[in-house]
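The structure appears right after this line, and notes come after that.
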Amino acid sequence: MVPGLPELLARWWGWNESDRSRIGGVAGGEGAPTDDVLRDRFFEANPGHAYGQGDWKKYENGLWLPEPEFSIKRRIVAALEAAKPEGVRPTSGKLSSVHELARVDAAVEDELWDSDPDILVCRNGALHIPTRKLLPHSPDHYATGAVPYDYDPDAEAPTWMRVLGEVLGEDLAAFFQEFAGYAATPDTRLETALWLCGQPGGGRSTLLSGLGAMLGPRVGVLGLGEIERNRFALSQLPGKFLLTATEQPGGYMRASHVLNTLISGEPLQVERKFRDPFTLVPRCKICWAMNEIPRLKSASDGLFRRVKVIQLDPIPESERDPEIKKKVEEEGSGILNWSLDGLERLRERGRFEIPKAVREATEGFRLTNDVPKMFVKEVCITDEADACKMQAQELYKAYRGWCRDNGHQPKSATAMATEWVRLLRELEPEPDSEVVGKETHVKLRLVAAPRIVDVPVLAIRGELVSPERQTNLATRPPTAAEPLDVAKARTSVEEGTQLTNVGTCPLLYLLLSGFLQVPKPELGDRRG
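Note that full-length UniProt numbering has the sequence shown beginning at 1, numbered continuously upward.
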C-alpha cells in the first residue's frame, strides 16, 4: 500500500480509526460482508425470485411473472446501502458482482419452464388434466401463464358447438377437438400443426377466436410473415402454448426451418433487441389461417409430414352471424372442457387420427410443392427399355424452361441430380443407376409440353407443322402416344427433314425451342 494513503483517504472521506483499520480487505475491509453474503441478504429480503429464459421472474399467485432487471438491481443496491456501516462501498463493480452471483444462484434450466404436460394453471388452482382435479398453486409447476378464468367442470359452450357443426362437420370437428386439447398442453411430441385454408367467410377466424378464448394469454399472435422479416419475432414465444394468425404471405417460404423447429419442440436460439440471446425450448403449437398455402422449395421438407391442412368452404352470407365471435369468446371455460375430452381420446390412442378430407388436402399441398414430380408427370415418360433415356443435361434444360413458363423457381443442376434419383426410386424401388453429373443418362424422356404457346415447330405424325395449323390440330382428340425419339427429332429439325416414326397421337408435340434450344425457323422455310 502507498505510504500515507490511509491518512489521505481518512481526511478525504472523514473515516474514523475503525474504518481505516478495514482498508485492504475484500469488499471494503476485512470485516465487511463478502459479495456472496450480500447476495444471500438480497434473497432473504426478496424471496420468490428465479432466473430463466433470459429474464428474472417473480412468483405470484401460481405464476412466475417477468421481473425487469433494473428492479432486481435496485433491490441489490438497497442491500449494499444497508451494509455501508459494515464497510461495504456501493459501486457499479460491486453491484455487477452481486447481481451476477444472484443470477447464477437463482437460475432454473430452460427446459423446466412450462414443461409439465399434466398441469394447466387456472385462476382458482392448477388443473391436473388426467384426473381433472384442482390442485393448489405451486411454484414447483414453473408455469409462466394461465387461462383467464376459473376451472368449472360443468361449463358448456353451446355457441361453439354450433360453429363446429356449421364450419367443420362431424369428422373434422373431432380432429380439431383433439388438436385443441393438444394445444392446451406444453407437449410437442406429436409434431403437428394446422393450416386452415380457404376463401374468406369460411369461419377460420371464428375457430381461432375459440382457441384464443380457451387459452387466453397462452396464445400468441405470430404469423409466417413476421417470422420471416423480423429476427426478434421469436422473443414473444416464452409462455405460449399456441401461435395463431389470420393471414399468411403467399409465394415461397423462407423460414421453413424455423417452423420445423417450433413444431417439433427442438431448442432454438432466440434473439432480443439490445439484449443477449437465449436458448428456448418451444412449447407452442401452430394453427394458422390463410387464403393461399405457402410454397416450399424442397419436396423433402419436414413440413409435409408435420402440417395438416383443413380446407374450409365459404359460409353463405345469409347464414353468417356477425355476433358469433363475441359469443364464442365468452365460452372459454366450456371450450376447455370440450378440448379436454379430445385430449383424453388423443392420449389413449397415442396419435392423431387424420380424417380423409385432411389427408387429401395435405397430400394436395405436398404434390403442389413437389415441382420436379409435377414436371415429370406433365412432360416426361418413363419406361424400362434402354431407349427411354436422355442426358441429364438435356432434361435439366427442359425442366428449367418448364419452371420458367409455369412460375416456379428452378433448382440448380446439382440439386436436380438428387431429385432425379429420388423420382426414379419412387417409380422403380431399386433403380439400376444413379444420376451423377450432367452427362449421365436418366431413365426419363420428354414426351409432351403442357400447352401450345409460342411454339415454332411441332412434331406430329411424322411431319413438321407450321404455327398456323396448331390451333386446328389442338382441337383434335388425343390418342395413346408412342415414345418420341428426342435426339432424332432435334436432328431432323436442324436438317430440315421430315420426322418419321414419332408416334400415332395427333397431339403428340414437343416444345423444341424451349426445351431443346432449337433456333426459331425463318418464315417460309420448310421447317415453319
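We put the beta carbon where it would ideally sit given N, CA and C, even for glycine.
Keep in mind the model is a prediction, meaning the values are calculated, not measured.
Residue range 63 to 67 is occupied by the beta strand (DSSP E) that includes Glu67. With respect to the 8 angstroms criterion, Thr192 and Phe179 are classified as neighbours on the basis of their beta carbons.
Each residue's CA atom was taken as its position, placing Glu156 and Glu271 some 41 angstroms apart.
At a Cβ-Cβ threshold of 8 angstroms, Glu170 and Gly203 do not count as neighbours. A Cβ-Cβ contact shorter than 8 angstroms links Leu237 with Pro282. Counting only unbroken stretches of 4 or more residues, the alpha helix (DSSP H) elements lying wholly within the stretch 41 to 125 are 69 to 82, 92 to 105, in sequence order. Close CB contacts of Cys403 within its chain, under the 6 angstroms cut and outside five residues either way in sequence, are with Pro410 (chain order). Between the C-alpha atoms of Glu319 and Ile263 there is a straight-line separation of about 35 angstroms. Straight across, the Cα-Cα distance linking Trp56 with Pro267 is about 20 angstroms. Shown here, Ala183 sits in a helix according to DSSP, grouped into three states. For Ala102, the closest alpha carbon among the candidates Ala82, Lys308, Glu60, Lys73 is that of Lys73. Val104 sits exposed, since fewer than 16 C-beta atoms from the chains shown fall within 10 Å of its C-beta. The beta carbon of Val108 is closer than 6 angstroms to those of Ala50, Gly52 in its chain, skipping five residues each way along the sequence.
With contacts defined by Cβ atoms closer than 8 angstroms, Arg254 and Glu228 form a contacting pair. If the five residues before and after Gly220 are omitted, its C-beta is found closer than 8 angstroms to the C-beta atoms of Gln236, Leu237, Lys240, Leu242, Leu243, Thr244, Cys284, all from its own chain and listed in chain order. For His257, the three-state secondary structure derived from DSSP is helix. Within the stretch 182 to 228, complete beta strand (DSSP E) segments of at least 3 residues are found at 193 to 197, 219 to 221, given in chain order. With fewer than 16 other beta carbons inside 10 angstroms of its own, Ser96 counts as exposed.
In the structure shown, the three-state DSSP call for Val147 is coil.
DSSP places Asp321 outside both helix and strand once states are collapsed to three, so it counts as coil. In terms of CA proximity to Asn61, Pro139 leads the group Lys94, Pro139, Pro200, Leu296. In this structure, Pro200 keeps its C-beta atom at 8 angstroms or more from the C-beta atom of Pro249. Between Val98 and Arg162, the gap from beta carbon to beta carbon reaches 8 angstroms or more. Only exposed fits Gly251, as fewer than 16 other CB atoms lie within 10 angstroms of its CB. Annotation for Lys397: the continuous alpha helix (DSSP H) segment containing it runs 392 to 406. Counted as a single uninterrupted DSSP element, the alpha helix (DSSP H) harbouring Pro158 occupies residues 158 to 167.
Closest option to Leu224, judged by alpha-carbon separation, among Leu296, Arg218, Gly216: Leu296. Per DSSP, the continuous alpha helix (DSSP H) segment holding Ala357 begins and ends at 356 to 369. The beta carbon of Arg400 is closer than 6 angstroms to those of Pro410 in its chain, skipping five residues each way along the sequence.
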